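Read through the structure below, which is laid out as structure tokens, and then see the notes.
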Amino acid sequence: MFDAPEEVRRLSSLTTPTGPVGVFEYVDVSGEELLLRRQVVVLLDGVQDPGNVGTVIRSAHAFGAGVALSVGSADLYNPKTVRATMGSLFSAAVAREVDSRELVAAAKEAGFTTVAAVSRGGERPSGVPNGPVVIAVGSEGSGLPEELVGDCDLGVSIPSEAESLNAAVAASILLYEAHIRVLP
Numbered sequence: 001m002f003d004a005p006e007e008v009r010r011l012s013s014l015t016t017p018t019g020p021v022g023v024f025e026y027v028d029v030s031g032e033e034l035l036l037r038r039q040v041v042v043l044l045d046g047v048q049d050p051g052n053v054g055t056v057i058r059s060a061h062a063f064g065a066g067v068a069l070s071v072g073s074a075d076l077y078n079p080k081t082v083r084a085t086m087g088s089l090f091s092a093a094v095a096r097e098v099d100s101r102e103l104v105a106a107a108k109e110a111g112f113t114t115v116a117a118v119s120r121g122g123e124r125p126s127g128v129p130n131g132p133v134v135i136a137v138g139s140e141g142s143g144l145p146e147e148l149v150g151d152c153d154l155g156v157s158i159p160s161e162a163e164s165l166n167a168a169v170a171a172s173i174l175l176y177e178a179h180i181r182v183l184p
């Protein structure tokens, strides 16, 4: 840890950074470990906005869930991602750079229900069965790839008057729904 105001200003991406600064080891886990440690996991596939990734990590931490970030998602250690977690990064179970289809297959083998968030035509979130679940949420622009949706046990759609929801909002709603079915 150090608190050198001039050095902090030079290194920071913020206009008015505050100190002190600490250097830590990476805190992420493997996809396999994530499935062993959590009964609810949200899989972010291609979610590129660091603010959305950080917000999902914060929500997952609040509901006792884990987060898996696919290859192509925003960097877990991007300053905007870290800031958006509001400290949850250091308590939440997060796997990064996972292969989404491999994680879904491993989850099914481990007894998880796998759920794809789709904008239209899916079950209501209340239709997700009780028990361990992996919830796949796609990128802000294109959603989940069709192959990944096909790999999942079922699709869920959040009833809404809007065309679509922000990835972090959708993930947070689905995490809450899973929380009330699975977690204490």
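First residue of the sequence shown: 1, per full-length UniProt numbering; consecutive thereafter.
No residue lacks a Cβ here, since even glycine has one placed at the ideal position from N, Cα and C.
This one's a predicted model, so the numbers in the text were calculated from it and none came from an experiment.
Backbone secondary structure at residue i - three-state DSSP
i       : result
Glu-163 : coil
Arg-120 : coil
Thr-16  : coil
Val-104 : helix
Val-53  : helix
Span of the beta strand (DSSP E), counted from its first residue to its last, around residue i
i      : result
Leu-44 : 40 to 45
Leu-69 : 66 to 70
Val-98 : 93 to 98
Cβ distance (whole Å) where residue i is taken to contact residue j below 8 Å
i       : j       : result
Ala-68  : Leu-43  : 5 Å
Gly-54  : Arg-96  : Not really, about 13 Å apart at Cβ, beyond 8 Å.
Asn-52  : Ala-168 : 4 Å
Ser-59  : Leu-175 : 5 Å
Pro-50  : Thr-15  : Not really, about 17 Å apart at Cβ, beyond 8 Å.
Leu-76  : Val-94  : 6 Å
Ser-157 : Gly-111 : In fact, because the Cβ distance is near 24 Å, the residues do not count as touching under 8 Å.
Gly-31  : Ala-106 : 7 Å
For residue i, the first and last residue of its enclosing alpha helix (DSSP H)
i      : result
Leu-36 : 31 to 37
Ala-84 : 79 to 85
### Task
Tell me, please, whether the stretch 89 to 98 touches the stretch 108 to 117 by the rule of three or more beta-carbon pairs shorter than 8 Å.
These segments do not touch.
### Task
Let me know the beta strand (DSSP E) ranges lying completely inside the stretch 131 to 183, each 3 residues or longer, listed in chain order.
Counting only runs of 3 or more, we get 133 to 138 and 154 to 156.
### Message
Counting beta carbon pairs with one atom in the stretch 59 to 75 and one in the stretch 120 to 132, are three or more of them shorter than 8 Å?
### Response
Result no; under three Cβ-Cβ pairs closer than 8 Å.
### Task
Could you tell me whether the stretch 95 to 114 touches the stretch 148 to 164, using the rule of 3 or more Cβ pairs below 8 Å?
Of all C-beta pairs linking the stretch 95 to 114 to the stretch 148 to 164, three or more are shorter than 8 Å, placing the two stretches in contact.
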